[in-house]
Structures are given as structure tokens and as C-alpha cells.
Amino acid sequence: MVARPGAMEDYFKNGNPEGKSRREIFGSSMKSIPAFREPAARLELMDELGVDHTLMFPTLASLVEERMRHDPDAIHVVVHALNEWLYETWQFNHKDRIFTTPAITLPNVDKAIEELEWVAERDAKAVLIRPAPARATRAPLVRAPRVRSILEARGRTVDATLDADVVAELMEVCNRRVLPPMARAG
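And the structure:
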């Protein structure tokens, strides 16, 4: 059972002035249809709706990192298993119409780069990186003096902040070795 398409449209437009619960906002649920789980059925539905291309994000991938935050090595194993399943079931580029976005987790830079290369070799056009601080397997997490001073000036705890070196290394991989030009960051 899942929320119906568009269930949260009013919430995103107007907020929640009535203080409804999440269940009330979602409304009545619907059964999961084949187009949610199978590429052929998804393409058929896309054709019915007049949709030429779509990005498909793994809905719950970002929860893995938070739930397993105390075991960064396990996070990498689970995220890779998720990416393998996505690739086996959907491919990362299904008939140039469905572009599945594999997840990249950042605690271990070398493993993150390995995963980025693995998904790029399989024609990934985009990746999902959780928009939250990464817990690194090495310390200190932030070594760039400018980043550290900005964070400290804002009262942020440096230990829980995304490692600037992780981002720099991943961007280098993206821009020089792995992803095709259409996927490169500007």
C-alpha cells in the first residue's frame, strides 16, 4: 500500500495550516501496481500518460545511512546491494527512457569512488547522494580551513559535517574519468 499520486500536492502548495497528521495528508492508500515494480509495465504507463523520459529515485535509500550510521562499512555493503538490485531489475538506463539513479554513500572515500565507477560502467546518468552530513571512517571530517572556519562561525559542529575532501575527490572522478558530459556538474 502506498500514498496515491498527488496525495501531498496541497501540502506542498499550502503547508499544513490545519495541523493534519501524515496519515490524514496522505489520504486513502492504493495497492502497489506493476508499474511501480516492473520496467515494461512502467513504460506502458508512461506511454499512456504521454511521458517520454523519467528519473527514478530509490525511495528509501537515504534512510539506510541514518539507520546504520554507527557501521559505515555496512552502509557501503547495503547501498551496493541496493544498486545491484536496481541494476538487475531496472538497469540504470532502461531503453533511454527510464533513468534509475543509484545511490552513492560517502563515509569511505575509496569505496564511494569504487561505487561511482561501478555505476558509471553500467550507464548511470545521475546518482543520489543523501543531502545530509556524511559520517566518515577517518578523522578529522573537515580539513579544509575555509570550510572549517565558516562552519565554526555558524556554530556548527565540525565533526558532523560533510568532508570537503570527499566532495572534491568525487567531483574529480565525475569531471575527469567517469561520467559522460551530460552528467557532469558545472
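Okay, so the sequence shown: first residue is 83 according to our numbering, each after it adds one.
From the three backbone atoms N, C-alpha and C, an ideal C-beta is built for every residue, glycine too.
Predicted, not measured: the structure shown is a model, and the values here were computed from it.
Here residue 128 carries a helix assignment [DSSP, helix/strand/coil].
The alpha-carbon separation between residue 196 and residue 95 amounts to approximately 40 Å. In this structure, residue 138 places its C-beta atom within 9 Å of the C-beta atom of residue 172. Taking C-alpha positions only, residue 98 is separated from residue 87 by approximately 18 Å. DSSP places residue 164 in the uninterrupted alpha helix (DSSP H) bounded by 154-172.
In the structure shown, the three-state DSSP call for residue 115 is coil. For residue 198, no beta strand (DSSP E) run applies; the uninterrupted alpha helix (DSSP H) run containing it begins and ends at 191-203, by DSSP. Just so you know, the alpha carbons of residue 158 and residue 169 end up roughly 16 Å apart. For residue 107, no beta strand (DSSP E) encloses it; the enclosing alpha helix (DSSP H) starts and ends at 104-108.
Within the DSSP bridge table, the entry for residue 176 names 180 as partners. Annotation: the continuous beta strand (DSSP E) that includes residue 137 extends over 136-138. Per DSSP, residue 98 lies in no alpha helix (DSSP H) segment and is marked neither H nor E. Between residue 119 and residue 101, the alpha-carbon positions lie close to 33 Å from each other. The three-state secondary structure of residue 145, taken from DSSP, is helix.
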